[in-house]
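Have a look at the structure below before the remarks.
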Ligand code: PEP
Ligand code: MG
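In structure tokens, the structure reads:
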């Protein structure tokens, strides 16, 4: 039966494919497609894991002492029987053969189907046996995962798959950078949660905040993800499907056309040069940044190098290699490296979220780094060393207090001294900037400007902290409003103060990649926009069609308005000039 779910649109475009349900536990197993010539080996791998577990169970049974309760042996026998049941031993093999799923994926897919059957049973005893199936599968999975592979490239010609999950942690989302999936649908999440930001960076249609999608949608059901409208259509009729296929094709054509803008100079109609920079999470993202002709990297979120490493954090050399590879890939264009912004919705380990009551207000970003000076120094040395290979700017996240900046600057000096003593080259004049993402920072900019060389406005957090709404909480997502007059005032004031002081300023939050807001930001005087490469050419198209002399007076009127309807009306007017 066809039905529609409404959520929050976070990444544009249309995806059509089959649902792939991702249970929280299943996230720990690798999901990839096995090349055709490896199918038999994959089946053998599964068979081997199952038979190993059967043997293990026999061995445990044999070791039972004579006085062990009879239920123990019965339970072990039951587990062996479950394992040998065709439901678990044969069906996953079919999934490997027919759909090219890897063994872990095939097994968890079948587990979900079996568990669903158990849940439908009215007999309480039988229904409670689902736990036995789960335990047995868990054992096999553990056995398999000793040899688990990483994500290989997707196999051509397969139906696209849409990930449906209650939630996806940013670090897990990073796993999907290999683009095995065509779209995302999650129950939780807000527009600028880091998971949503990553979906946008992947340029994959995504809808979050769907509430019950993971419970209502079934494995393999056909889905349409409309990332523009924030809608998921489950089991669509053939007419709706056809309509969306046409839309999808139009969008693809539009994208192809945008590629022609790559080589054009980024200048407004009145010939004002506008810098369009890329936000990246991993060194590999530079490829996409280069493809769209970014004029540099405006935000490198280094924390992704530190996430989900089981406590095995990258040392100075590993960091240096990563930072150097970004600078080298950008061939002389500037790279802004942000120091570790760990905490809040980006914990070191996605399975161990922060225990703090309000992690977004806790030991995050520069606060964390200052509490771990040795770790911070290691990162600073790695960044400085990379600065010998190309222009780097150092960006400090979440600054608010003068003493925090002073401490950070002291540590930068210490890192420089340490390198100098060892005779290691670095850029002695490396610019150091701060993120404006706490209202206190925006309101006391001259105090920060005395200490720092440039600023970057992190609108995602600026909105979160100004309007007091958790950016990851879908219950308050409707209050996340970039056009709230308080937000507009803070952004405009920051841009104006920087202009007055002769300091560079960019916007690197999600507002910079929103084509609907490009003219407003231009009118406020912004000349540097940093966004995901996937958004860059659409923003460029808007820049090429805009005239700053027309944007400025309308932006001024927007800034003096306080009523939301009036602001929206003026934005529409601005977009139409
Ligand atoms: C921001 O807050 O706008 C920003 C760019 O940083 P992040 O999204 O990584 O918190
Ligand atoms: Mg931020």
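In our numbering, the protein residues as written are 486 to 1062.
Built from N, CA and C at the ideal position, the CB exists for glycine as well.
Residue(s) in a DSSP beta bridge with residue i
i: residue 711; result: 499, 716
i: residue 494; result: 692
i: residue 650; result: 507, 671
i: residue 921; result: 942
i: residue 821; result: 878
i: residue 488; result: 719
i: residue 831; result: 828
i: residue 752; result: 758
Of the residues the options, the one placed nearest residue i, counting alpha carbons only
i: residue 456; options: 707, 1005, 717, 897; result: This structure gives no information on residue 456, because the portion of the chain shown stretches from 486 to 1062.
i: residue 647; options: 611, 691, 791, 621; result: 691
i: residue 981; options: 999, 1006, 661; result: 1006
i: residue 791; options: 824, 1049, 576, 773; result: 824
i: residue 811; options: 833, 873, 754, 832; result: 873
i: residue 795; options: 970, 599, 832, 710; result: 832
i: residue 779; options: 1019, 953, 903; result: 1019
i: residue 575; options: 560, 599, 561, 559; result: 599
i: residue 652; options: 628, 629, 698, 685; result: 698
i: residue 742; options: 777, 771, 830, 767; result: 777
i: residue 587; options: 607, 528, 547, 603; result: 528
i: residue 625; options: 786, 533, 489; result: 533
i: residue 912; options: 525, 867, 783; result: 867
i: residue 834; options: 720, 758, 798, 860; result: 798
i: residue 988; options: 709, 965, 1012, 999; result: 1012
i: residue 869; options: 886, 850, 899, 486; result: 899
i: residue 522; options: 1032, 585, 984, 538; result: 585
i: residue 928; options: 901, 894, 976; result: 976
i: residue 986; options: 531, 937, 661; result: 937
i: residue 679; options: 997, 1008, 789, 706; result: 789
i: residue 666; options: 654, 684, 677; result: 684
i: residue 1002; options: 793, 978, 990, 1039; result: 1039
i: residue 519; options: 578, 917, 1004, 991; result: 578
i: residue 828; options: 793, 808, 809, 686; result: 793
i: residue 559; options: 545, 572, 571; result: 545
i: residue 781; options: 822, 1009, 756; result: 822
i: residue 808; options: 966, 535, 772, 768; result: 768
Residue range of the beta strand (DSSP E) that includes residue i
i: residue 764; result: 760-765
Where the alpha helix (DSSP H) through residue i begins and ends
i: residue 580; result: 576-584
i: residue 739; result: 723-743
i: residue 786; result: Per DSSP, residue 786 belongs to no alpha helix (DSSP H); it is in the beta strand (DSSP E), 782-786.
i: residue 680; result: 679-687
i: residue 1047; result: Neither: residue 1047 is in no alpha helix (DSSP H) and is coded neither H nor E.
i: residue 810; result: 801-814
i: residue 789; result: No alpha helix (DSSP H) contains residue 789, which DSSP labels as neither H nor E.
i: residue 932; result: 930-934
i: residue 604; result: 588-605
i: residue 700; result: 698-701
i: residue 837; result: Neither: residue 837 is in no alpha helix (DSSP H) and is coded neither H nor E.
i: residue 704; result: No alpha helix (DSSP H) contains residue 704, which DSSP labels as neither H nor E.
i: residue 775; result: 771-776
Check: residue i C-beta below 8 Å from any heavy atom of the ligand GTP
i: residue 860; result: Because the ligand GTP does not appear in the structure shown, any question about it cannot be addressed here, the ligands present being the ligand PEP and the ligand MG.
Query raised in the report: Can you list, in chain order, the stretches of the beta strand (DSSP E) that have 3 or more residues and sit fully within the region 939-1017?
Result: For the region 939-1017, the continuous beta strand (DSSP E) assignments of 3+ residues that do not extend past its boundaries occur at 939-942, 989-992, 1013-1016, in sequence order.
Query raised in the report: Is the region 936-947 touching the region 1023-1038, taking contact as three or more C-beta pairs under 8 Å?
Result: no
Requested in this report: Please list the segments of the alpha helix (DSSP H) lying wholly inside the region 512-553, counting only runs of 4 or more residues, in order along the chain.
Outcome: 524-547
Report task. Return the chain-ordered ranges of every beta strand (DSSP E) run that is complete within the region 855-917 and spans a minimum of 3 residues. Result -> Within the region 855-917, the complete beta strand (DSSP E) runs of at least 3 residues fall at 877-881.
Report task. Assess, as a yes-or-no matter, whether the region 513-523 is touched by the region 720-737 under the definition of 3 or more beta carbon pairs within less than 8 Å. Result -> no
Query raised in the report: Is it true that the region 947-966 meets the region 661-676, where meeting means three or more beta-carbon pairs spaced less than 8 Å apart?
Result: Counting C-beta pairs closer than 8 Å gives three or more between the region 947-966 and the region 661-676, which meets the contact rule.
Report task. Check whether the region 898-908 touches the region 925-939, taking contact to mean three or more Cβ pairs, one atom from each stretch, closer than 8 Å. Result -> no
Query raised in the report: For the 8 Å Cβ check, are there 3 or more pairs between the region 811-822 and the region 852-863?
Result: Too few Cβ pairs lie closer than 8 Å, so no.
Query raised in the report: Is the number of C-beta pairs between the region 867-884 and the region 834-848 that are closer than 8 Å three or more?
Result: no
Query raised in the report: Touch check for the region 742-755 and the region 718-726: three-plus C-beta pairs under 8 Å?
Result: No, the region 742-755 does not touch the region 718-726.
Query - Segment contact, 8 Å Cβ cut-off, at least three pairs: the region 757-766 with the region 797-810 - result: By the Cβ test, the region 757-766 is not in contact with the region 797-810, since fewer than three Cβ pairs between them sit closer than 8 Å.
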